[in-house]
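Encoded as structure tokens, the structure appears first; notes follow it.
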Amino acid sequence: MNSFRGQHILSVDQFDLDTIRQVFAVANRMAPYAHRQKRTKVLDGAILGNLFFEASTRTRVSFGTAFNLLGGEVRETAGMATSALSKGESLYDTARVLSSYSDIVAMRHPDAGSVAEFAQGSRVPVINGGDGPNEHPTQALLDLYTIQKELADHGKSIDGMHIAMIGDLKYGRTVHSLSKLLCLYKNIRLTLISPQALAMPDKVMAELDKAGHRVTITDQLTGSLDADICYQTRVQEERFASKAEADQYRGKFRLNQQIYTQHFKSNTVIMHPLPRDSRADANELDNDLNLNPNLAIFRQADNGVLVRMALFALTLGVEDLVAKYDCDVQWFTTKGQQ
Amino acid sequence: MNSFRGQHILSVDQFDLDTIRQVFAVANRMAPYAHRQKRTKVLDGAILGNLFFEASTRTRVSFGTAFNLLGGEVRETAGMATSALSKGESLYDTARVLSSYSDIVAMRHPDAGSVAEFAQGSRVPVINGGDGPNEHPTQALLDLYTIQKELADHGKSIDGMHIAMIGDLKYGRTVHSLSKLLCLYKNIRLTLISPQALAMPDKVMAELDKAGHRVTITDQLTGSLDADICYQTRVQEERFASKAEADQYRGKFRLNQQIYTQHFKSNTVIMHPLPRDSRADANELDNDLNLNPNLAIFRQADNGVLVRMALFALTLGVEDLVAKYDCDVQWFTTKGQQ
Amino acid sequence: MNSFRGQHILSVDQFDLDTIRQVFAVANRMAPYAHRQKRTKVLDGAILGNLFFEASTRTRVSFGTAFNLLGGEVRETAGMATSALSKGESLYDTARVLSSYSDIVAMRHPDAGSVAEFAQGSRVPVINGGDGPNEHPTQALLDLYTIQKELADHGKSIDGMHIAMIGDLKYGRTVHSLSKLLCLYKNIRLTLISPQALAMPDKVMAELDKAGHRVTITDQLTGSLDADICYQTRVQEERFASKAEADQYRGKFRLNQQIYTQHFKSNTVIMHPLPRDSRADANELDNDLNLNPNLAIFRQADNGVLVRMALFALTLGVEDLVAKYDCDVQWFTTKGQQ
């Protein structure tokens with residue numbers, strides 16, 4: 176049974192173990208299409224309104240690609256300046272008009288709550304591609320999907336795992352949403368490592384506690400962590416009042432091959448929401464980790480396409496029709512070989 | 176007989192009753208495709224050059240969607256900064272080059288006369304999507320189509336109707352173009368309500384007079400108007416010398432449920448070219464009218480897609496082939512149910 | 176045999192006479208599709224990542240159109256501001272992520288060497304659409320293709336031809352790349368006409384010398400040149416330190432009908448990489464040449480689509496499958512009639 180048909184996807188709060196399983200099962204089936212072993216035209220003629228009112232390339236192109244991979248077409252915006260929104264138009268009006276131009280909408284907007292407000296005026300389903308400091312549900316889902324897949328390679332499951340979250344846990348919406356989803360599971364240990372001023376908010380802490388998970392808080396990366404997953408965050412410069420304030424925290428929890436080996440297991444999976452700041456004065460994930468097979472950051476991006484294909488297929492009710500519209504891949508491809 | 180095959184569509188001056196009927200007849204036939212009851216691939220392989228050299232989201236996406244709904248593909252620009260036009264390239268050169276990249280062009284540009292100039296160098300048909308203060312013919316056509324459709328619901332026709340136009344009638348190109356089209360009809364009464372400084376230009380007044388229409392001019396919204404249509408305009412901030420000057424006229428002719436009930440009939444249709452300014456200090460159309468079934472502003476936007484589909488189909492000569500390339504809609508849709 | 180399958184196309188240095196012949200042979204076969212006599216769906220389902228991190232309309236739309244003309248789909252970016260690159264992301268990371276969203280990438284970026292760096296992280300073939308002052312190989316190829324085609328109309332070939340290059344030969348990457356390709360041919364005479372400060376760089380001069388070509392250098396356009404081809408360049412304002420510096424050289428080598436008749440043959444072909452500056456104070460190519468049949472500048476742009484279609488077809492290994500997926504053109508077309 177498809178619980179998603181015609182529904183908006185605005186928040187991780189909408190998900191439970193059953194709906195997560197539905198999404199992940201379909202995502203698994205999308206892999207051959209993303210790897211160009213097959214292709215499908217199941218959404219031939221359908222139109223995605225890819226409405227990005229905030230600067231983004233990767234998430235916008237990821238949603239657009241996911242829709243193209245199902246055979247659909249994309250109409251998009253990239254940025255606010257070219258929009259009537261700058262002439263005082265309400266989100267409701269924008270939704271009533273723009274939603275009539277597509278079969279489904281993926282939307283990103285800098286203001287918290289904006290996507291839900293848009294959804295109220297929309298005549299088609301809306302998928303939240305990020306509403307400022309609030310949510311980015313597809314990121315949380317692809318993170319969870321990645322965790323499940325990586326743990327499965329180690330013969331483990333999400334229940335009972337140990338995850339370390341490092342860096343800016345106060346402004347990082349990805350760790351908030353991921354934590355919420357983890358509350359659906361059992362016996363998870365979380366080690367939260369951040370400067371005190373950037374600690375995980377109380378609201379999230381309360382939910383983790385209610386779910387019965389064991390949480391360790393520290394402001395130092397020390398000793399040996401037997402973490403299965405290490406989720407590194409980026410300093411959310413745009414969420415701080417000023418760059419100077421953000422800069423105080425850069426480099427606090429840097430991870431490179433040497434530090435990784437010192438504190439983590441030989442198979443701890445390293446994750447990061449990207450983009451990764453590679454400038455000389457940044458902290459984050461050093462490039463010497465690029466060849467470490469435990470660095471899952473690019474597999475996360477790949478999984479994002481699978482999860483978004485799954486959400487599109489489920490919302491438009493075609494998850495069981497994908498194979499019916501299979502075609503061959505007629506061109507030479509280097510994909511799926513890595 | 177199709178009068179449009181291979182022709183540019185630059186101005187409302189090109190239209191007469193016969194060509195308008197052709198466009199509206201095809202637009203009617205496009206409704207099932209826009210409502211996703213059917214889909215067509217009649218323009219499969221065709222390419223629209225959607226060249227928007229001025230900020231716009233709704234009109235650009237409307238044109239792109241109309242072309243996608245006919246099965247075609249879209250290549251577009253959004254804004255001037257990314258264009259060679261900023262390196263001193265002439266519109267003629269731009270047209271010779273960019274027109275070779277598509278089968279038909281829809282174009283918006285801030286300068287009056289620019290689209291006609293581009294069309295001279297273009298090797299494919301060009302549809303004017305708005306050339307600054309000059310014309311926006313597809314808007315005029317969708318406005319007229321909306322009027323005809325709304326009046327038909329009341330058992331009336333355009334001949335003999337009474338339309339009130341309110342607000343900025345000096346800079347509002349939509350009311351100029353609509354008035355020109357109305358000159359093709361008979362026995363129309365127009366009540367023009369605007370500040371004296373924003374009155375309808377003499378040129379338009381002369382044409383209305385020549386067409387034998389009765390025109391009443393006033394700078395007050397008073398009494399009972401038995402208007403069939405009320406066309407509200409927006410303050411064209413970008414056409415004034417300064418924002419301060421534009422602000423003098425905001426709120427002069429505000430319309431909300433109470434004012435509407437006070438001055439209009441119970442079935443007067445309310446129209447507006449959008450976007451509607453919903454900020455606290457704006458005038459225009461209040462949100463308390465949103466649930467009033469006589470508010471036709473979103474039906475106008477929907478009709479814009481039908482009219483643009485019709486113009487594409489006629490110009491590319493496929494108006495009688497659309498049904499031949501029908502396919503089923505394979506996905507779950509919430510459209511056409513409102 | 177296709178030498179291009181799965182390969183990056185980053186520099187003219189990759190080409191020899193054999194590979195050039197392969198590209199031009201396929202480009203010739205693409206003409207009926209670009210002229211809408213036929214259409215093909217050979218790349219139906221394939222996705223081009225059209226990654227333009229620098230302002231461009233014509234080249235971006237040319238690549239996109241070429242891919243659409245083969246039946247493929249396009250996902251693109253236009254500009255840097257909307258990219259994570261502005262958050263310190265490395266080109267390697269950008270490539271690892273964005274390349275997973277398409278089957279092939281065309282890329283433009285303002286920094287020399289950037290496209291090659293991106294290609295190292297890319298999981299799909301990358302075509303260089305221009306990396307700053309460095310290279311723009313598809314421009315060089317379309318220039319050479321145009322030269323070959325125009326000379327063939329005169330019963331001549333590239334071997335033994337006489338080409339005059341005029342204007343900014345120091346910063347003009349198009350003349351550098353074209354000169355390199357000409358080094359593959361025999362017995363070419365080059366007349367290089369530029370201000371001394373903007374002379375062809377020594378590196379290029381050395382290669383021309385090594386190839387055995389005869390080069391004449393002058394800073395004046397005088398007398399009668401029996402050139403077969405006259406390649407005019409534009410003042411590369413963006414490559415100078417300041418506009419004032421660039422302005423010193425404007426107008427030095429203006430070409431109009433009178434000057435052309437005075438110095439060139441009656442059938443000397445006039446070429447220019449576009450855009451052409453048509454403002455009053457510009458030099459370059461005057462509009463009075465627009466009706467001169469020897470003005471090949473728009474044929475160059477048309478040929479750009481053919482060459483890019485050929486590169487896509489060869490890289491994705493479908494050059495011999497194009498005709499297999501032929502379809503009719505269902506719409507009325509004015510193309511191919513000029």
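Going down the list, the sequences are from chains S, L and R. Using the working numbering, you'd call the opening residue of the first sequence number 176 and step up by one each time. Using the working numbering, you'd call the opening residue of the second sequence number 176 and step up by one each time. Using the working numbering, you'd call the opening residue of the third sequence number 176 and step up by one each time. Beta carbons are placed, not taken as given, at the ideal position from N, Cα and C, and that holds for glycine.
Do residue i and residue j have their CB atoms nearer than 7 Å?
i, j, result
"I222 (chain L)", "E248 (chain L)", "yes"
"F242 (chain S)", "F487 (chain S)", "yes"
"L466 (chain L)", "I445 (chain L)", "no"
"K427 (chain S)", "P370 (chain S)", "yes"
"M336 (chain S)", "D268 (chain S)", "no"
"N478 (chain S)", "L317 (chain S)", "yes"
"P285 (chain L)", "V187 (chain L)", "no"
"M375 (chain L)", "L344 (chain L)", "yes"
"V272 (chain S)", "A476 (chain L)", "yes"
"I363 (chain S)", "I341 (chain S)", "no"
"T508 (chain R)", "R211 (chain R)", "yes"
"G181 (chain L)", "P300 (chain L)", "yes"
"R474 (chain R)", "L460 (chain R)", "no"
Between residue i and residue j, which are expected to be in contact by the criterion C-beta below 8 Å, what is the C-beta distance as a whole number of angstroms?
i, j, result
"V217 (chain L)", "V482 (chain L)", "Not quite, the Cβ-Cβ distance comes to about 17 Å (not below 8 Å), so this is no contact."
"F227 (chain R)", "A253 (chain R)", "5 Å"
"I184 (chain S)", "N303 (chain S)", "6 Å"
"H438 (chain L)", "L400 (chain L)", "6 Å"
"S453 (chain L)", "S265 (chain S)", "4 Å"
"R283 (chain S)", "E229 (chain S)", "5 Å"
"T534 (chain S)", "P468 (chain S)", "Limits of chain S in this structure are 176 at one end and 513 at the other, which puts residue 534 (chain S) out of reach."
"Y208 (chain R)", "R250 (chain R)", "At roughly 22 Å, the Cβ-Cβ gap does not stay under 8 Å, so Y208 (chain R) and R250 (chain R) are not in contact."
Just mark residue i as buried or exposed, buried being the case when its beta carbon has 16 or more other beta carbons within 10 Å.
i, result
"Q513 (chain L)", "Because Q513 (chain L) sits at a pLDDT of 47, beneath the cut-off of 50, its placement in the model cannot be relied upon, and the following sentence gives the value as read from the coordinates. Exposed."
"E310 (chain R)", "buried"
"G387 (chain L)", "exposed"
"G220 (chain L)", "buried"
"G330 (chain S)", "exposed"
"S178 (chain L)", "exposed"
"R235 (chain S)", "buried"
"V410 (chain S)", "buried"
"C502 (chain S)", "exposed"
"N225 (chain L)", "buried"
"L192 (chain S)", "exposed"
"L361 (chain S)", "The sequence as given places Lys at residue 361 (chain S); Leu does not occur at that position. With fewer than 16 other Cβ atoms within 10 Å, it is exposed."
"T436 (chain L)", "exposed"
"D422 (chain R)", "exposed"
"F190 (chain L)", "buried"
I'd like to confirm the pairing. Which residues does DSSP put opposite residue i in its beta bridges?
i, result
"M340 (chain S)", "S:L367, S:Y406"
"C358 (chain L)", "Its beta-bridge partners do not exist; DSSP assigns none."
"E251 (chain S)", "S:N225"
"I434 (chain L)", "None, per the DSSP bridge assignment."
"H284 (chain L)", "L:D306"
"R214 (chain L)", "L:C502"
"T234 (chain S)", "Its beta-bridge partners do not exist; DSSP assigns none."
The stretch 225 to 244 of chain S: positions lying closer than 7 Å to chain R by Cβ: A230, S231, T232, R233, V236, S237, G239, T240, N243
Residues within the stretch 412 to 443 of chain S neighbouring chain R, beta-carbon criterion of under 7 Å: none
Residues of the stretch 454 to 478 of chain R whose Cβ lies closer than 7 Å to any Cβ of chain L, in chain order: The residues in question are R454, A457, F473, A476, D477.
Contact residues within the stretch 341 to 366 of chain S, judged by C-beta distance below 8 Å to chain R: none
Interfacial residues, the stretch 277 to 288 of chain R to chain C, with Cβ spacing under 8 Å: In summary, chain C is missing from the structure at hand, where the protein chains are S, L and R.
Contact list for the stretch 478 to 499 of chain L against chain S, Cβ threshold 8 Å: V480
Interfacial residues, the stretch 196 to 228 of chain R to chain S, with Cβ spacing under 7 Å: With the criterion set as a beta carbon lying under 7 Å from some beta carbon of chain S, the members of the stretch 196 to 228 of chain R are V217, L218, G220, A221, I222, in sequence order.
Interface residues of the stretch 391 to 411 of chain S facing chain L [CB-CB below 9 Å]: none
Near-chain R residues of the stretch 294 to 305 of chain L (beta-carbon distance less than 8 Å), N- to C-terminal order: R298, V299, P300
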